[in-house]
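Written below as structure tokens is the structure these notes are about.
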Amino acid sequence: MQQISFVSLILNASLVVQLVMAGLALLSVISWALIFQKVVLLRAAKRDTVEFERTFWSGSDLNTLYDEANRNVDMKGTGRLFRAGFAEFQKLRGRSAGELSDVMEGTRRAMRAAAQRELEVLDSHNDFLATVGSVSPYIGLFGTVWGIMHAFIGLGNAGQATLSTVAPGIAEALVATAIGLFAAIPAVVAYNRFASDVDRLATRFDTFMEEFSNILQRQVSR
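Here full-length UniProt numbering is used: position 170 in the sequence shown is 170, and no number is missing along the way.
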């Protein structure tokens, strides 16, 4: 019996099925590249957030902490919120006519804007992973349906159908579904994991903004 290899199934598939496989393989490569990129990005954001908050809550002077934050331009996470909020706080405090409520509202706006920018970076490309995870199985299924249809048309023209003649064509078609699942499953798993990580960081940002605002308000009220 002739051995059928995975590579031979791909090479012997019809042109449409080969194009589907190539497209799915490209989506898979892009997805994996984005997954590795986002793993590094989110890990850095979580690490910087933990380190900054540890320093912040150790009782460090806010002005000293602000100077250090300005020097560390690559810092991610709550450090960027602190830098944006404290800069706005100092600017508004410098205006003698500024009311406390205006100062605090301006500070909160600056931190919210910084948090939104940070979350947009952390959440980037998640929509692409979600799209790959949702459409790849259907693209693969299209390739499978087309391949099976092409195989049966060939059998009809041959006039004789046996298992040995049907199996290769169907196997070639099913490879498209397999590649579609191979592209979709990692993308879905990564999307869910990254979305959860971003949500946890967003909650952490909100908590820090409230606590930092309370600290600044107590300083102003003294």
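Cβ atoms here follow ideal geometry from the backbone N, Cα and C, with glycine treated the same way.
1. What alpha helix (DSSP H) runs, 4 residues minimum, are completely inside the UniProt domain "MotA/TolQ/ExbB proton channel" (79-206)?
2. Is the CB-CB distance between residue 81 and residue 201 below 8 Å?
3. I need the straight-line Cα distance from residue 124 to residue 87, nearest angstrom please.
4. Rank 43, 100, 17 and 23 by C-alpha distance to the C-alpha of residue 198 and give the top, closest one.
5. Which two residues bound the contiguous alpha helix (DSSP H) that contains residue 74?
6. So, helix, strand or coil for residue 59, using DSSP?
7. Tell me which residues share the same chain as residue 103 and place their Cβ nearer than 7 Å to its Cβ, disregarding the 5 neighbours each side in the sequence.
8. Can you give me the Cβ contacts of residue 76 inside the same chain, cut-off strictly under 6 Å, excluding the 5 residues immediately before and after it?
9. How about residue 137 and residue 180: do their beta carbons lie closer than 8 Å?
10. Count the other C-beta atoms from every protein chain shown that fall within 10 angstroms of the C-beta of residue 120, then say buried if there are 16 or more, exposed otherwise.
11. Counting Cβ pairs closer than 8 Å, one from the segment 126-142 and one from the segment 175-189, do we hit at least three?
12. Let me know if residue 36 comes out buried or exposed under the rule of 16 or more other beta-carbons within 10 Å of its beta-carbon.
13. Whose CA, out of 196, 190 and 215, lies closest to the CA of residue 33?
Looking at the coordinates:
1. 100-122 and 126-158
2. no
3. 27 Å
4. 43
5. Segment: none, residue 74 is in no alpha helix (DSSP H) and carries neither H nor E.
6. coil
7. 89, 92, 93 and 220
8. 44, 45 and 48
9. yes
10. exposed
11. yes
12. exposed
13. 190
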